[in-house]
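Taking my numbering, the leading residue of the sequence shown gets 9, the next gets one more, and so forth. What follows is a set of notes on a single structure, which appears directly below.
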Amino acid sequence: MKRFCILLALLVTGIAATAQVLTSSNLPVIRINTNGQSIPDEPKIMADMGIIYNGEGVRNNLTDPFNHYNGKIGIEVRGQSSQMFPMKSYSIELWDNAGNSLDKPLFGLPKESDWVLYAPYTDKTLMRNFLAYTFSRGMGHWAANCRFVEVVINDDYKGIYVLMEKVKRGSGRVPVTKIASTDISGDALTGGYIFSIDKEADGWFSEVAPPTTGGGKRIQYSYIYPKLSAIVPAQQQYLKSYVDSFEAAVKSKDFQDKTTGWRKYADELSFIDFMLINEVSRNVDGYRISTYMYKDRQSKGGKINAGPVWDYDLAFRNANYCNGSDVGGWAYQFNQNCPDDYFQVPLWWYQFAKDSAYQSNLRCRWKQLRQGSMSDSRINTLIDSVVSLTAEARQRHFQRWPVLGQYIWPNPQPIPTTYDGEINALRAWLDARISWISNAIPNGGPCYDYPATEKAAVLASVYPNPVSSSITLDFKTRIAQRINVRVVDAAGRTLLNQAYPLQYGENYFQVQTNQWPAGIFILTYQAESGEKGTLKLLRQ
């Protein structure tokens, strides 16, 4: 856990004022001096920052020299709704004396100039973002590494913060190819790009309206990399055209086709993993705000990837609106819960729910993750490690911000009165939420769970019936085995005589029937286990 989240103590100069709160810490110490300036929303102001870090497990004293960083930074307030809180979040950029960006590898993380200081004011567990990002990294995706922090700004102790990497292209961050303004044709034009769905659009609007809503609501996209000031018209046109093609494929009647459907444009696993994190956390902003995507060059895969995940302070039972704290229900169905909210969930997620292959793969991935990076033991270990790591610092934090037991927008009821109560509520909600998801994901495909009470070794069905131009044979089996299938018409003529291999779980086989005459047919099957059955089919 410590390699993921070293707790920092962040202090602004003013030793006399801060000594009453913190004189030494088992955590690294950062000291910032804004030199009398107020920190604005934007642009960044220049300030001085020094870090005291004597190594993991070694105490750090306010009187120790700056030995990890000692130099200039640019700092500004960040966030949208969070700016109303007295505890502000900040964007930090490491600068040289002239105000130019300076890349440094803080606390063993890949070197970069841009960092985020997130203020967990409304998140009294202090760990919601950390949990979501750690889950995503455990799935094999890049997500922001974080380091918990304590903050004092200009003689005012500010409590625990979380130092996080910023969503940005680069080595050790979002893995897309660098693109230049001269890359306007061929493979170079196809990537890499990072874009997002968010409140402040500086890119384009989707051609596809969000479902189950009205009032002219539209999905709006923003350029992240290259940013608006750097992306050239040819790149803007290419990215919009590619996303338009993806959305058109999602909306088409053949959207499930593995060659011509939406998978032609998007990486399915990334969307599945993105969905699972949003659903486990029931992120009320998920899918519709702070939703990042990226696309590399065609020569490097070239498909849209969902993620990286970002902004989970209102997740994990921390929103009292739009069903945000409910244990049950899918978070992607936000549009039904809050149809009047302008920022709606795109059509894709509703279409994925109708895609049988997606649902099958979703189940398999969920079962895999529940045995590994999202197992109960792993989740509890992550929570326990943050509880242990922040034990000393959070005494100061909640003295500075006495929010325990108090309503801070948008905390749901009931509001725990202690930190232990907050953690117990988080654990109980997560247990119930995970149980709901496990039962709600359709039980089908190769990861189908055969009913323990079912005596038969094979369960068979055929659809559609009446038969159209093709039918699907659906066999669920308790064991891996072969099954023989025979179809005859009313005159006794054999129309199908085929053996199929069955794997444990659910198995699908498609049979073309456009040459079959109208009439009644009898389908018989016999499995190696000895199971036999008969089904009657009709073609009109």
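All C-beta atoms in this analysis are idealised placements derived from N, C-alpha and C, irrespective of residue type, glycine included. No experiment lies behind these values; they were computed from the predicted model shown.
- Where does the unbroken beta strand (DSSP E) through Cys154 begin, and where does it stop? 154-161
- Message: Could you compute how far the alpha carbon of Trp123 sits from the alpha carbon of Ser446?
- Response: 36 Å
- Which residues share a DSSP beta bridge with Ser214? BP columns for Ser214 are empty, so no partner.
- Message: In whole angstroms, give me the CA-to-CA distance for Lys272 and Gln306.
- Response: 12 Å
- Message: If the criterion is Cβ atoms closer than 8 Å, does the pair Gln91 and Asp49 meet it?
- Response: yes
- Are the region 324-333 and the region 413-420 touching, with three or more C-beta to C-beta distances below 8 Å? yes
- Query: By Cβ distance, which residues of its chain are closer than 6 Å to Arg290, with the 5 residues on each side in sequence left out?
  - Reply: Ala339
- Three or more beta-carbon pairs under 8 Å between the region 456-469 and the region 166-182, yes or no? no
- Query: Between Lys311, Val85, Pro218, which lies nearest to Trp356 when the distance is taken from Cα to Cα?
  - Reply: Pro218
- Query: Who pairs with Asp122 in a beta bridge, going by DSSP?
  - Reply: Glu101
- When DSSP labels each residue in this structure, what does Arg290 get in the three-state scheme? coil
- Task: Compute the Euclidean distance between the alpha carbons of Thr42 and Asn105, then round it to the nearest angstrom.
- Result: 14 Å
- Mark Glu287 as exposed unless 16 or more other C-beta atoms lie within 10 angstroms of its C-beta, in which case mark it buried. buried
- Message: Using a Cβ distance threshold of 8 Å, determine whether the region 192-212 contacts the region 237-250, with at least three qualifying pairs required.
- Response: yes
- Query: On the three-state DSSP scale, how would you describe Leu30?
  - Reply: coil
- Three-pair Cβ contact test at 8 Å for the region 438-445 versus the region 453-468: no
- Cβ of Ile202 within 8 Å of Cβ of Tyr300? yes
- Classify Tyr458 as helix, strand or coil using the three-state DSSP reduction. coil
- Query: Over what stretch of residues does the beta strand (DSSP E) that includes Lys4 continue unbroken?
  - Reply: Outside the displayed span of the chain (9 to 548) sits residue 4, for which this structure offers no information.
- Report yes or no: do three or more beta-carbon pairs, one from the region 534-543 and one from the region 480-500, lie closer than 8 Å? yes
- Would you check if the distance between the CB atom of Arg408 and the CB atom of Tyr165 is smaller than 8 Å? yes
- Query: So which of Leu370, Thr133, Tyr233 has the shortest CA-CA distance to Phe360?
  - Reply: Leu370
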